[in-house]
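**Q** Please see the structure below; I have some questions.
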Amino acid sequence: MKDAILRLDGVHTHIGQYHILHGIDLVVPRGQLTMLLGRNGAGKTTTLRTIMGLWQASKGHVHFDGRDITKLSTPDIAQAGIAYVPENMGIFADLTVRENMILAARNGEIDPKRLKWIFGLFPALEKFWSLAAGTLSGGQKQMLAIARAIVEPRELLLIDEPTKGLAPAIIMNMIQAFRELKSTGATILLVEQNFMAARLLGDSVAVMDDGRVVHRGAMAELAEDTTLQQKLLGLSMDAHQ
Amino acid sequence: MTAVAATTETVSLPKVKTDWLPALLVPILAVAALPLVGSFSTWVTLTVAALAMGMMIFLMASGLTLVFGLMDVLNFGHGVFISFGAYVSLMVLGPLAGWVESPNIWLNIGVLLACIVVAMLVTGALGYAFERVVIRPVYGQHLKQILITMGGMIVAEQMIHVIWGASPIPLRLPEGLRGAIVVGEAAMEKYRVIAVVLGLLVFGLMHLLLNRTKIGLLIRAGVENAEMVEALGYRIRRLFVGVFIAGSALAGLGGVLWAFYRQTLTAGMGMEVNVLIFIVIIIGGLGSIGGCFVGALLVALVANYTGFLAPKLALGSSILLMVLILLWRPQGLYPVAKR
Chain P
3 MKDAILRLDG VHTHIGQYHI LHGIDLVVPR GQLTMLLGRN GAGKTTTLRT IMGLWQASKG
63 HVHFDGRDIT KLSTPDIAQA GIAYVPENMG IFADLTVREN MILAARNGEI DPKRLKWIFG
123 LFPALEKFWS LAAGTLSGGQ KQMLAIARAI VEPRELLLID EPTKGLAPAI IMNMIQAFRE
183 LKSTGATILL VEQNFMAARL LGDSVAVMDD GRVVHRGAMA ELAEDTTLQQ KLLGLSMDAH
243 Q
Chain R
-6 MTAVAATTET VSLPKVKTDW LPALLVPILA VAALPLVGSF STWVTLTVAA LAMGMMIFLM
54 ASGLTLVFGL MDVLNFGHGV FISFGAYVSL MVLGPLAGWV ESPNIWLNIG VLLACIVVAM
114 LVTGALGYAF ERVVIRPVYG QHLKQILITM GGMIVAEQMI HVIWGASPIP LRLPEGLRGA
174 IVVGEAAMEK YRVIAVVLGL LVFGLMHLLL NRTKIGLLIR AGVENAEMVE ALGYRIRRLF
234 VGVFIAGSAL AGLGGVLWAF YRQTLTAGMG MEVNVLIFIV IIIGGLGSIG GCFVGALLVA
294 LVANYTGFLA PKLALGSSIL LMVLILLWRP QGLYPVAKR
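As given, the protein sequences belong to chains P and R, one line each in that order. Numbering of the first sequence is given in the working numbering, commencing with residue 3 and proceeding in unit increments. Numbering of the second sequence is given in the working numbering, commencing with residue -6 and proceeding in unit increments.
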């Protein structure tokens, strides 16, 4: 197994009086796309938010690239090299596409070669470069959210349900873009409800239930084992295609 | 290379909708008032007075709307900076009394600018202390914010009484800024014209800052989604402290202009104008600088025209305007996207 860029050891998270994560153990290998699957309310989004420091872990440790980031603030975690695309995309609707991208570039300037590559992945962004992000369609906003996360090379991308609410044609194109991204060696932790996308993209997988990781392994193994899918997810992947 | 493009979603170019209607309300209101006022010269005088008042309210309110937009902080003590800004000008007017009475217009403008600079420095520093001592312990707790910031304002008022005394202090405009410019039959007070110019200048600078600089981008983004700005690696708390200091300094600037406008200093002047400021930022849309600007002008125009046409209604005119605007647009004229 490749070395782990991210490791969660016994992470608990409380939100107010609610105990959401009950001792998460998770490993994200470097250079791979790891899928985080689970039913609604399993704790997937909370896991990503805890990694980003948006909610503090009440117990346990988060190690990133060998460094304990459990108690770091969100800006420090972002500066350490983790990019985050939240479920609601986090687009600044009143800012233009260009301004959204510039904010994600640390020194305020975007490398022209990288921008060209991003435009190759998501041509709509070039077309709507000077328009307010709020005027974009749902799919285009998702493209912008992902483009913003990759505007500069990052060690790890955390992406929360990028295909949610998108039309099937857009989902297929999004999957192609992720494949392209994977080919650059990017490390990605992807929360997904769309099992077809999970099967096509995932190298490894972690399945969550009730705030715990209940399965870890290769994505290909889970994709082949319909009994395990039934047990872990309640439905077989084939039923979702 | 793979492209995420081959869908109907990217075919049509979305149209950017610029919402001009709220901004157009200002000229529409002014023109509509002309036949009601009757005399053109009186209308000009009233309109210039209203624009001056609107600019001053905008200066005082702009910081508060950003503070609320950026950090969800309800600062009911914002009037502290207005009162202090006004009283601090006494520290300048004393030593520069000769400049105040000088017939040289440049010395007169110089003393006004000196008052403004000193007031902004003092209220900016006061804002820094206020944020650390009063605001910081109550982040995210609206009820406590209201109580503690109102308490802070009461304490500050008493401090003014201790330092400068409880009696109202008359304030004389510098010699060259007194009187009016007469164009045709319309008289426009010189000081009000200067207030309009200063207000427009500050609005222009704020517009440039917010739209042409990275720090402005961060402020606009932070008003919309502070959490995402942090997730991009920026420390929103530091940005907030900076905005709070700038907002306090702007309130200090507004306080100086407001004091010369009223020509009297009272410790309660900040608290009195606080209500008007809250009306303006609610009308404009919480967190919106453009909305704050339009809201301030509308409130001032309505107050001045109503004061002339139906003086008994003048006191309630701002409230009435707010009710009408909120019935039309419940989020204010220019709501910020997240709200």
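Here a beta-carbon is modelled for each residue, glycine too, at the ideal position from N, C-alpha and C. The structure displayed is predicted, hence computed values, not measured ones.
Can you tell me where the beta strand (DSSP E) holding P:Y86 begins and where it ends?
**A** Its beta strand (DSSP E) spans residues 84 to 87.
**Q** Would you mind stating whether R:G145 and R:V127 have Cβ atoms separated by less than 7 Å?
**A** For R:G145 and R:V127, yes; Cβs fall inside 7 Å.
**Q** Does any C-beta atom of chain A lie closer than 7 Å to the C-beta of P:F94?
**A** The structure shown contains no chain A; the protein chains it does contain are P and R.
**Q** Under 9 Å between beta-carbons, which chain P residues line up against R:M199? List them in chain order, please.
**A** Correct list: empty, because the minimum Cβ distance to chain P is about 16 Å.
**Q** Sorted by chain position, which residues of the same chain lie with C-beta nearer than 8 Å to R:E168's C-beta, five sequence neighbours on each side aside?
**A** So the qualifying residues of the chain are V93, E94, S95, P96, N101.
**Q** Within the same chain, show all residues whose beta-carbon is closer than 6 Å to that of R:A339, passing over the 5 residues directly before and after it, in chain order.
**A** In the structure as shown, chain R begins at -6 and stops at 332. Residue 339 of chain R is therefore absent and cannot be evaluated.
**Q** Quick one: is P:S132 buried, meaning 16 or more other Cβ sit within 10 Å of its Cβ, or exposed?
**A** Exposed, since its Cβ has fewer than 16 Cβ neighbours within 10 Å.
**Q** Quick one: complete alpha helix (DSSP H) runs, 4+ long, within the segment 212 to 242 of chain P?
**A** DSSP runs (the alpha helix (DSSP H)) wholly in the segment 212 to 242 of chain P: 221 to 226, 228 to 235.
**Q** Should P:T36 and P:S206 be called a contact, given that it needs their Cβ atoms to be closer than 7 Å?
**A** Yes, the Cβ-Cβ distance between P:T36 and P:S206 is below 7 Å.
**Q** Between P:G219 and chain R, is the shortest Cβ-Cβ distance under 7 Å, so that the two count as touching?
**A** Cβ-Cβ to chain R under 7 Å: no for P:G219.
**Q** How many Å lie between R:V19 and R:Y298 at the Cα?
**A** Each residue's Cα considered, the two are about 13 Å apart.
**Q** Would R:T1 be called buried (16 or more neighbouring beta carbons within 10 Å of its own) or exposed?
**A** The pLDDT assigned to R:T1 is 39, lower than 50, so where the model puts this residue is not dependable, and the model offers no usable value.
**Q** Can you name the residues that DSSP bridges to P:H65?
**A** In DSSP, P:H65 forms a bridge with P:R9, P:D70.
**Q** Excluding the 5 residues preceding and the 5 following R:T(-5) in the sequence, name in chain order all residues of the same chain whose CB lies nearer than 6 Å to its CB.
**A** A caution first: R:T(-5) carries a pLDDT of 47, below 50, which makes its placement in the model too unreliable to give a value.
**Q** Mind listing the chain P neighbours of R:R228? Cutoff is C-beta to C-beta under 8 Å, in chain order.
**A** Within 8 Å Cβ-Cβ: S75, P77.
**Q** Note down, in chain order, every chain P residue with its Cβ under 9 Å from the Cβ of R:A214.
**A** The contacting residues are F94, D96, L97, E101, N102, L105.
**Q** Run down chain R in chain order and give the residues with a C-beta less than 8 Å from the C-beta of P:G167.
**A** What P:G167 touches in chain R: nothing, since even the nearest Cβ is about 13 Å away.
**Q** If we ignore side chains and look at the alpha-carbon of each, how far apart do P:I22 and P:G45 end up?
**A** Between P:I22 and P:G45, the C-alpha separation is close to 6 Å.
**Q** Using Cβ-Cβ distances below 8 Å, what residues of the segment 36 to 56 of chain P are close to chain R?
**A** The residues in question are M54, L56.
**Q** Would you call the CB atoms of P:V87 and P:I161 closer than 7 Å?
**A** A contact, by the Cβ cut-off of 7 Å.
**Q** Taking its Cβ as the centre, do 16 or more other Cβ atoms sit within 10 Å of P:D96, making it buried, or is it exposed?
**A** Answer is buried; the Cβ neighbour count reaches 16.
**Q** Do R:L314 and R:V295 have their beta-carbon atoms positioned less than 7 Å apart in this structure?
**A** Contact: yes.
**Q** Hey, how far is the Cα of R:V81 from the Cα of R:V111?
**A** If you take the alpha carbons of R:V81 and R:V111, they lie about 7 Å apart.
**Q** Taking Cβ to Cβ, would you say P:A107 is nearer than 7 Å to P:E154?
**A** Yes. Within cutoff.
**Q** Should R:S281 go down as buried or exposed, given a rule of 16 or more other Cβ atoms within 10 Å for buried?
**A** Buried.
**Q** Apply the 10 Å Cβ neighbour rule to R:G226 and answer buried if 16 or more other Cβ atoms are within range, or exposed otherwise.
**A** Result: buried.
**Q** Provide the residue span of the alpha helix (DSSP H) that contains P:Y20, from first to last.
**A** Where P:Y20 is concerned, there is no enclosing alpha helix (DSSP H), although the beta strand (DSSP E) it sits in stretches over 20 to 31.
**Q** Need the endpoints of the beta strand (DSSP E) that R:A180 sits in, please.
**A** Run containing R:A180: 179 to 182, per the beta strand (DSSP E) assignment.
**Q** Per DSSP, which residues does P:T15 bridge with? Please list them.
**A** According to DSSP, P:T15 bridges with P:L23, P:A59.
**Q** Could you please tell me which residues of the segment 160 to 185 of chain R, in chain order, have their CB closer than 7 Å to any CB of chain P?
**A** Answer in chain order: no residues at all.
**Q** Closest Cβ-Cβ distance between R:K207 and chain P: below 7 Å?
**A** By this cut-off, R:K207 is an interface position.
**Q** Would you please verify whether the beta carbon of P:Q1 is less than 7 Å from any beta carbon of chain R?
**A** Coverage of chain P is limited to positions 3 through 243, which leaves residue 1 of chain P absent and any answer about it impossible.
**Q** Just checking my contact of R:I276 with R:G309 at CB under 8 Å: how many whole Å lie between their CB atoms?
**A** Contact flag wrong, Cβ pair sits at about 15 Å.
**Q** What is the residue span of the alpha helix (DSSP H) that P:I161 lies within?
**A** Premise fails: P:I161 lies in the beta strand (DSSP E), 158 to 162, not in any alpha helix (DSSP H).
**Q** Since P:I190 is in the beta strand (DSSP E), which residue starts that stretch and which ends it?
**A** Element bounds for P:I190: 190 to 193.
**Q** Quick check: is the beta carbon of P:G12 nearer than 7 Å to any beta carbon in chain R?
**A** Taking Cβ atoms only, chain R never reaches closer than 7 Å to P:G12, which makes this a no.
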